[in-house]
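Working notes for the structure below.
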Amino acid sequence: MEDEGFWDFDSESLSFEKDRHILYLEMMYQLLPAPYQGQEINRLTLAYFVISGLDIFAALDRIDKEAVINWVLSLQAHPKNDRTFENDQFYGFHGSRSSQFQSNNNGAAQLNGSHLASTYCALAILKTVGYDLSQIDSEVLLKSMKTLQQPNGCFMPIHTGGETDLRFVFCAAAICSMLKNWTGMDCEKAKEFIRNCQSYDGGFGLIPGAESHGGATYCAVASLKLMGFLEEDLLSEKASSNVSNVPLLLDWSLQKQAFEDGGFRGRANKPTDTCYAFWVGGTLRILQADKFMNEEALRGFLLTCQSKYGGFSKFPRLLPDIYHSYYGFCAFSMLREPGFNPLCVELGISAIAAIGL
Amino acid sequence: MKGEEERERIPIKERPEWADVRPVPQDDGPNPVVPIAYTDEFSETMDYFRAVYLADERSPRALHLTKEAILLNSGNYTVWQFRRRILDALNADLHEELQFLDQITRENAKNYQIWHHRRWLAEKLGEHVANKELEFTKEIFCKDPKNYHAWSHRQWVLQALGGWEGELAYCSELIKDDIFNNSAWNQRYFVVSKSPLLGGLEVMRDPEVAYAIEAILTKPENESPWRYLRGLHKNDGNSLANDPRVASVCLDVLAGKTDYVHALNMILDLLCHRHQPSKELKDAVDAVSPDPNLPDAGLAENVCSILKLVDPIRANYWEWRKSTVPAQD
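If you read the sequences in order, they're chains A and B. In this text, residue positions in the first sequence follow UniProt numbering: the first is 1, and each later residue adds one. In this text, residue positions in the second sequence follow UniProt numbering: the first is 1, and each later residue adds one.
The structure is reproduced here in structure tokens:
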């Protein structure tokens, strides 16, 4: 997701431009410009940013929910035969037609390219537009998802092989949570893997030994929360977490807010970036420690990353992209900006969507 | 992303070697959501890719086509997976493949699929590419010393293929280039705790504490060596409190009267773990306190008050820490 940005030198507005952002999302919903073709394989993720973004603005009336549901469901992978499936294939959702192939006479090609992250996005979108997830064939999905879990507790994203790291542990936990069914993963093993990802400095890396990173830390803490491994009152003196060193995690997380500009950075001594307002700010929210960050300073930083075209960029004065825009919107929701729907931080969708109607 | 050649691209439908293939268009369905404004080049390449994929054609021309598709969409794991199948089927020269990978990684150093493919190659080629892989990640670090993918790959190479000999020295070199490079500090911790050549954390603690202290004194505002120092003691508050060098470096930093936020944070933790502060330490804290006559405040509470002033962005946190200071004996 890290692209070189393009510079935009006109001065930004210093108030939150809600209408402009909604317009930006509507435009992206209608058509994503050509530079996004490099992310074609993850088109469902781009859709998630747009649709969940509109939901957070309480502007879902701008989309055709039925069309969204039909399109998302058309990306689901199904076994050839009813009720039986080949072992070691994952029956989730594809990110786009790029990994999904129609049946052919040959039979040799791998038709099922469904992916764990796309599956998370699919379910998140469906919940957001109010689709009843009990209509999904979750038994096959979850049973086959379990085969993606590794002996060390981590998850592979796709059965043909891929990098294994905390991002996919999070996806698995979120999928189980949304489907209200934990047979899709061994939570104890996942918890063990997460524990091994905590760095000596308190944050979490994507894999054991890796440098602590805001995105990885969110994945770790959100997963633990979803799986029910975080005690109620983590900050109290009596609490002692057997899963992670919470005081150190807290100190690490808070240290990521830069006194220079009020934004959050993802790693020590790196530049601040819009999206970490969600990844690290969200971590603090889950730990019920967001009261310790400086919200005013954060808000000030985020406004410098607001684009006059709508949306947010990674740094000030770059052109916006849909990823940083979405996480910028999430951050404003967490900062209780008027007119926003509150978030279910650990699921990455609005609170209303998370509860379901 | 730019292709390697500058010359005009010939559409695939005009290339004689592809005349026998019928491209398969993308079927998005009646009402696709968030459609992308594909360029003609993109659409055409992917249409031909779909054709060879469905035919499971594992040929040299298909291999070349996957390269074109990768250059347009380097995150497309379906294309990468198919490329691997073709490489296997053709029994291709994997050293050549590694060279191709070197080229596109330089342009696309933050792409998960490229690094995954690299690991697949390295696994197949085995131990004798360990050095090459270490050299290649070094090359990446010359341009971006914090590239997360490259660091993960490097750690994997060390653990799977070996090459630990020069690693601690390499960390020292990077830290010398930029003492704020947290990736280098993280790697140092990785080497010190995991290298089969060094004996482990217990053995390495002493010299590494000295190394951390030197770095702290050079730039006391640098978060990295402070975290590293705590890590050397496994973040055990009692262990830190019992190491006189820890209190000593805090004292030295305070005496400098500047950039002492991390030092105060450490002192706070020491005090919360029953460290008995020396008179020098108490005096040094008083010296930076805006109001040394704070009534009835213990040293730890005093430290929190100072932190609220010198690190105001975290004022709420320091206020809370003040409220959780354990009762004095």
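We treat Cβ as the ideally placed atom computed from N, Cα and C, and that holds for glycine. Computed from a prediction, not measured in an experiment: that's the story for all the values here.
Relative to the alpha-carbon of Thr304 (chain A), which residue among A:Leu73, A:Phe292, A:Leu318 and A:Asn294 has its alpha-carbon at the smallest distance? A:Leu318
Evaluate contact between the stretch 94-113 of chain B and the stretch 133-152 of chain A, counting only Cβ atoms and requiring at least three cross-stretch pairs below 8 Å. no
Residue burial classification, Asp321 (chain A) (beta-carbon count within 10 angstroms, cutoff 16): buried
Tell me which same chain residues have a C-beta within less than 8 Å of the C-beta of Leu63 (chain B), skipping the five on either side of it? Arg83, Ile86, Leu87, Leu90 and Ala92
Curious, which full-length alpha helix (DSSP H) runs of at least 4 residues does the stretch 253-307 of chain B contain? 261-272 and 279-288
Per DSSP, Leu343 (chain A) is paired with what? A:Ser350
Ile36 (chain B), enclosing alpha helix (DSSP H) - first and last residue: Run containing Ile36 (chain B): none; DSSP gives neither H nor E here.
Among residues of its own chain, excluding the 5 on either side of Asp290 (chain A), which ones have a beta-carbon nearer than 8 Å to its beta-carbon? Gly281, Leu284 and Met334
By how many angstroms is the C-alpha of Leu270 (chain B) removed from the C-alpha of Asp329 (chain B)? Interpretation of Asp329 (chain B) is limited by its pLDDT of 48, a score under 50 that renders its predicted location unreliable; the figure taken from the coordinates is listed afterwards. Looking at the two C-alpha atoms, the distance is approximately 15 Å.
Ala287 (chain B) versus Thr105 (chain B): straight-line alpha-carbon distance, rounded: 53 Å
Report the three-state DSSP secondary structure of His115 (chain A) (helix, strand or coil). strand
Taking contact to mean 3 or more Cβ pairs, one atom from each stretch, closer than 8 Å, check whether the stretch 37-47 of chain B and the stretch 28-37 of chain A are in contact. yes
Determine whether the Cβ of Ala215 (chain B) lies closer than 8 Å to any Cβ atom of chain A. no
Per DSSP, which residues does Thr272 (chain A) bridge with? Please list them. A:Arg265
To which residues of the same chain is Phe180 (chain B) closer than 8 Å at the C-beta, ignoring the five residues directly before and after it? Lys219, Asn222 and Ser224
Of the residues B:Gly163, B:Pro60 and B:Gln113, the one placed nearest Pro196 (chain B), counting alpha carbons only: B:Gly163
Note down the Cα distance separating Phe155 (chain A) from Ser183 (chain B), rounded to an integer number of angstroms. 24 Å
Alpha carbon to alpha carbon, how far is Gln257 (chain A) from Ala297 (chain A)? Give it in angstroms, no decimals. 9 Å
Is the Cβ of Ser305 (chain B) closer than 8 Å to any Cβ of chain A? no
Among the residues of its own chain, which have a CB less than 6 Å from the CB of Trp320 (chain B), if the five just before and after it don't count? none
Residue range of the alpha helix (DSSP H) that Ser253 (chain A) falls in? Val246 to Gln255
Chain D residues whose Cβ lies nearer than 9 Å to that of His116 (chain B): The structure shown has no chain D; the protein chains it does contain are A and B.
Gln81 (chain B), DSSP secondary structure in three states: helix
From the beta carbon of Ser172 (chain B), is the nearest beta carbon of chain A less than 8 Å away? no
Answer yes if the stretch 119-126 of chain B comes into contact with the stretch 154-168 of chain B, meaning at least three C-beta pairs across the two stretches below 8 Å, and no otherwise. yes
Name the residues in the stretch 278-303 of chain A whose C-beta lies less than 9 Å from a C-beta of chain B; which are they? Ala289, Lys291, Phe292, Met293, Asn294 and Ala297
Quick test of the definition: if touching needs 3 or more C-beta pairs under 8 Å, does the stretch 257-270 of chain A touch the stretch 274-290 of chain B? no
In terms of residue numbering, what span does the alpha helix (DSSP H) encompassing Gly130 (chain A) cover? Unbroken run through Gly130 (chain A): none, as it is neither H nor E.
Could you check which residue in B:Asp178, B:Glu208 and B:Asn31 has the C-alpha nearest to that of Phe190 (chain B)? B:Glu208
If distances are taken between C-alpha atoms only, which option among B:Gln103, B:Ala160 and B:Gly166 comes closest to Ile140 (chain B)? B:Gln103
Check whether the Cβ atoms of Ala255 (chain B) and Leu232 (chain B) lie closer than 8 Å to each other. no
Simplified DSSP state of Gly5 (chain A), which is helix, strand or coil: Legend: pLDDT at Gly5 (chain A) = 48, less than 50; position of this residue unreliable, value from coordinates given subsequently. The answer is coil: DSSP assigns Gly5 (chain A) none of H, G, I, E or B.
On the CB-based measure, 16 or more other CB atoms within 10 Å of its CB, does Asn31 (chain B) come out buried or exposed? exposed
Grab the span of the alpha helix (DSSP H) containing Cys219 (chain A) for me, first residue to last. Gly214 to Met227
Report the residue from B:Asp259, B:Gly199 and B:Val192 whose alpha carbon sits nearest the alpha carbon of Leu217 (chain B). B:Asp259
For a contact defined as C-beta to C-beta under 9 Å, what are the partners of Tyr29 (chain A) on chain B? Val33 and Val34
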